[in-house]
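Written out below as structure tokens is the structure these notes cover.
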Ligand SMILES: [Zn+2]
């Protein structure tokens, strides 16, 4: 490692509070409390509001979040063109927000606005941007996010805290298993975070199961993190050929996709360790919430994020354990802070205490579904009706199509029912060829993550019209419970 880089890492490390986490019962909770206590030191307003803090209670944490939110609102009004105009139009000021109920008065932030005009969200000069990331999706839905050095260090710190909370120590290796390397690569970010935080990590993106197992052996991997369906695939392919329990894994963290209970059971039986689900989104940095051993929801990093669940129609808060749209506010971002950002994910909130002994940190339930027609196949490729419209409807005679998603073993099965008018000769081949021209289909097919798509032709005019949102029917058991009213 070049000397300069070493020095920089040493400087960065001094600012990571996760390195002071002790191995007591609930280190993650202590880490979050540490951030609240730091605020008592740094902010007179907060100190006076709480009268200093001996122990951090649930109410103190809520008070801390509202305090940070007011500060964040003032910051975006000052620095972001989007929020300045939005809040002026709504006639809302930071000092108006005193209680949890007051949050409902702040207008929501729509992901489409961020996709359309990312620069109006940017709060710092371009020279202060350390990294910019673009989320996956079509050009119309891609979002550009900007992170400052402080933002990146904060993300590193939260990743390190989450890994230590699942029992990872300085001697263990983390194997990072995301099968695709993309522009916003969570694997590379995780790897970088581990290096800075003094944890060992190895990136292995190979879809070859033997190579994954070899990498585990050579590096003495004790914790795995990766795309849920990919970890499941490796498990099914390896369990009959290798003694997986012999690895002595401490934890497997399933990321970026939901973790159905059926998958968890199979994986736990194969590896003999805890299988945990993690939730994060690019818009909020990576590590937003992680499951504990109680397996009843994911503990959120409430020092850096404030989560609400609302009725998507009325915008009103929903009570504990009632599913609705998840809305996040980043409490410490500098580059692209988002306030009351609509995630389109359906989940619910769970108030503490938790069976794992956390007494002050709130949880979010496992995500139960998405509000738009977008879904994921293979190794996380996003698919949505517009994607197929472009290639299928341009084939002569094709009037409409429907897609049904099923799962066979670890692979997704895509069945396209295509409505064709007139001559059917060669239509099947043309449809299949057009589909294979899409990266979203070709890549997972080449990597053995989906089966060859099945094409069924039906006579033009023989099927009822279906609105765009109903064109894709997902029959895979990705979610354990279907959300109410969605
Ligand atoms: Zn817990």
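Residue numbers (this note's numbering): 47 to 532. Beta carbons: idealized from backbone N, C-alpha and C, even for Gly.
Original post:
Which class does residue 265 belong to by DSSP, given the choice of helix, strand or coil?
Top reply: helix
Original post:
Taking DSSP as the reference, what is the three-state secondary structure of residue 237?
Top reply: helix
**OP:** Could you tell me the distance, in whole angstroms, from the CA atom of residue 207 to the CA atom of residue 244?
**Re:** 12 Å
Subject >> Proximity to residue 234 [Cα-Cα], best of 189, 177 and 213 >> reply: 177
Original post:
Taking the alpha-carbon positions, what's the residue 398 to residue 345 distance?
Top reply: 10 Å
Original post:
Does ligand 1 have a heavy atom nearer than 7 Å to the CB of residue 400?
Top reply: yes
Original post:
Skipping 5 residues on each side, what residues in its chain have a beta carbon closer than 6 Å to that of residue 467?
Top reply: 443, 445 and 506
Subject >> C-beta atoms of residue 437 and residue 483 nearer than 8 Å >> reply: yes
Original post:
Which residues share a DSSP beta bridge with residue 331?
Top reply: 329
Subject >> Bounding residues of the beta strand (DSSP E) (the contiguous stretch that carries residue 388) >> reply: 387 to 393
Subject >> Selected residue, minimal CA-CA separation from residue 116, among 440, 383 and 418 >> reply: 383
Subject >> Residues of its chain near residue 82, where Cβ-Cβ distance is below 8 Å and the 5 sequence neighbours each way are ignored >> reply: 99, 102, 106, 107, 110 and 349
**OP:** Counting only runs of 3+ residues fully inside the segment 154 to 230, write out the beta strand (DSSP E) ranges in chain order.
**Re:** 177 to 180, 190 to 193 and 219 to 223
Original post:
Where does residue 37 land, buried or exposed, given buried means 16+ other C-beta within 10 angstroms?
Top reply: Only positions 47 to 532 of the chain appear in the structure, and residue 37 is not among them; the question remains open.
Original post:
Who are the near neighbours of residue 238 in its chain, counting only those whose CB is closer than 8 Å to its CB and skipping five residues on each side?
Top reply: 202
Original post:
With C-beta atoms as the reference, is residue 301 less than 8 Å away from residue 272?
Top reply: yes
**OP:** Would you kindly work out how many angstroms separate the C-alpha atoms of residue 175 and residue 128, rounded to a whole number?
**Re:** 18 Å
Original post:
So does residue 470 have its beta carbon nearer than 7 Å to some heavy atom of ligand 1?
Top reply: no
Original post:
Are residue 495 and residue 457 closer than 8 Å when you measure CB to CB?
Top reply: yes
**OP:** Count the other CB atoms, across all protein chains shown, that sit within 10 Å of the CB of residue 232; report buried if there are 16 or more and exposed otherwise.
**Re:** buried
Original post:
Leaving out five residues before and five after residue 309 in sequence, what residues of the same chain have Cβ atoms less than 6 Å from its Cβ?
Top reply: 278
**OP:** Pair every Cβ in the segment 348 to 365 with every Cβ in the segment 208 to 216, then say whether three or more of these pairs are closer than 8 Å.
**Re:** no
Original post:
Cβ-heavy atom distance between residue 473 and ligand 1 below 7 Å?
Top reply: no
**OP:** Determine, using beta carbons only, whether residue 220 and residue 170 come nearer to each other than 8 Å.
**Re:** no
Original post:
Between residue 413 and the rest of its own chain, which residues show a CB-CB distance below 6 Å, the 5 nearest in sequence each way excluded?
Top reply: 304, 391 and 393
Subject >> When 433, 485 and 263 are compared against residue 290, the one with the closest alpha-carbon >> reply: 263
**OP:** Could you tell me if the beta carbon of residue 374 falls within a distance shorter than 7 Å of some heavy atom in ligand 1?
**Re:** no
Original post:
When we look at the beta-carbon of residue 331 and count the other beta-carbons within 10 Å, is it buried (16 or more) or exposed?
Top reply: buried
**OP:** Name the two residues that bound the continuous alpha helix (DSSP H) containing residue 104.
**Re:** 104 to 125
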